[in-house]
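Colleague: This is the structure I have questions about; it appears just below.
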Amino acid sequence: MLASLRASVLSLARDKALLVWTLAFPIIMTLIFMGMFSGIQDAYTTVGSTLGVVRDKNYSAAMGLDETIQAISDPTSSDHICNVTYYESAADAEAAANATEVDAYLTVDAEGAPQLHVTNASLSENGTLPTSVLAEILDTYQHTRAAAEKVAATRPELLATGEAIGAFTESAVQTVRLTATKNPPSPDARYYYALLAMAAGMGATAAMVSVRRLLPTAGPLGARQALAAVPRWRMLVGALLGAWLCEFACLLVAALFMWGVAGVSFGNDASGVVVALAASSLMACAAGTLCGTVTRMETSMISGITCLLSLFTGLYGTASQQLADTIETSVPALAHANPLWQTTNSFYALLYYDTPDAFLESVAALLIMTLVFLALASFRLRRTSYDHL
């Protein structure tokens, strides 16, 4: 068995197909993804704004407005939302907005109501998110101001002690970061996880090639091995372990490259990532072993099957992700039967879930698939006849 393992490792180490599909391919695609997704993370982070403020007599007379603007523009505060530039007139502020120097500018009318002005140039340059945040802040300010004026008109004695004023002005703007997952959502993680799953699936060719070399139909060497005194199962296990070690090493290097170079997050459980890679590569090798017992199966067929299964992991873009989500929602059993989906989901579980239940379920599913593939491969090997030899 050790001789078979050593021979399998040495032969696969010289196999260009294994190095291309399980090592070079994910690394090259990672570099491509880095270029494609270089700015996607910015869309999922807080967007800063630049606000122009017309500081005239109406602005100065607006109760609490200047304090609100200072609160959201303080760079040392956790409530910092925008940077403020003051102007003497509305014409100056409008010119700055047209030049996209500010996202919007603020004026106050004679009645003390703030007005947020946004130009088409600003919307074209920055989108609607910056001004939407500012509009929400001003809406909160107006509600707070209206409540304070109502209290002053109906219960003026509450304002005498200053406690009511403090209740209205203290923490007028609050920013709370909420997260429903263990780690912050990563919009591009799904692509990298699906890429690793695809690389694992492509690695099934390594096991198929190793098993084919043990068959009597492989040539004189295969015929001599079939007549050797070594039990067939020992040679098969050695070839399988050799293919698994090679594929696991390639996937581990690819995952380290994604983490170290592309900054892909796999969560905080490094041992869990290693287990997921080991289970995924073992499942792929078991599938390759089964394919190796089918004489008409070729490596190109494994590539085609892997590409098809990758469609349901979301590797090919938004459309494939929507399709995968639809299948998972409507027919979950069909989605869970996809071994590449289980690989992708194991990484998701490590990144987002607080408990290991989902991760253990995916790993268990991969191991069950491994046993099924090996059982079928063993059955087919025993049923194979070589009378023509």
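For the sequence shown, UniProt numbering gives the first residue as 1, with consecutive numbering after it.
Positions of the beta carbon are idealized from the N, C-alpha and C atoms, including for glycine.
(1) Looking at the secondary structure, which residues open and close the beta strand (DSSP E) in which residue 83 lies?
(2) Counting only runs that start and end within the region 87-114, where is the alpha helix (DSSP H) found for 4 or more residues in a row?
(3) Just to check my reading of the structure: residue 342 and residue 374 have Cβ atoms closer than 8 Å, yes? What is that Cβ distance to the nearest angstrom?
(4) Assuming residue 203 contacts residue 247 under a Cβ cut-off of 8 Å, what Cβ separation, rounded to an integer in Å, is found between them?
(5) Where does residue 338 land, buried or exposed, given buried means 16+ other C-beta within 10 angstroms?
(6) Indicate whether residue 133 and residue 81 have their beta-carbon atoms separated by less than 8 Å.
(7) Give the straight-line distance between the Cα atoms of residue 44 and residue 256, rounded to the nearest whole angstrom.
(8) Fully enclosed by the region 311-361, which alpha helix (DSSP H) runs are 4 residues long or longer?
(9) Distance check for residue 361 and residue 376, CA to CA, integer angstroms please.
(10) Can you give me the Cβ contacts of residue 283 inside the same chain, cut-off strictly under 6 Å, excluding the 5 residues immediately before and after it?
(11) Does the Cβ-Cβ distance between residue 105 and residue 93 come in under 8 Å?
(12) Taking the beta carbon of residue 379 as the centre, do at least 16 other beta carbons fall within 10 Å, making it buried, or is it exposed?
(13) Quick check on residue 289: does DSSP put it in helix, strand or coil?
(14) Taking all protein chains shown into account, decide if residue 235 is buried (16 or more other Cβ within 10 angstroms of its Cβ) or exposed.
(15) How many angstroms separate the CA atom of residue 325 from the CA atom of residue 109?
(16) Taking the alpha helix (DSSP H) that residue 35 belongs to, which residues open and close that run?
(17) Thinking C-beta only, is residue 192 closer than 8 Å to residue 297?
Modeller: From the atom records:
(1) 82-87
(2) 90-98
(3) The Cβ separation is near 17 Å, so there is no contact.
(4) 4 Å
(5) buried
(6) yes
(7) For residue 44, the predicted structure reports a pLDDT of 46, less than 50, and the residue's modelled location is therefore unreliable. A value from the coordinates is still provided. Answer to the nearest angstrom: the Cα atoms are 25 Å apart.
(8) 318-330, 332-336, 339-352
(9) 23 Å
(10) 339, 366, 369, 370
(11) yes
(12) exposed
(13) helix
(14) buried
(15) 50 Å
(16) 25-36
(17) no
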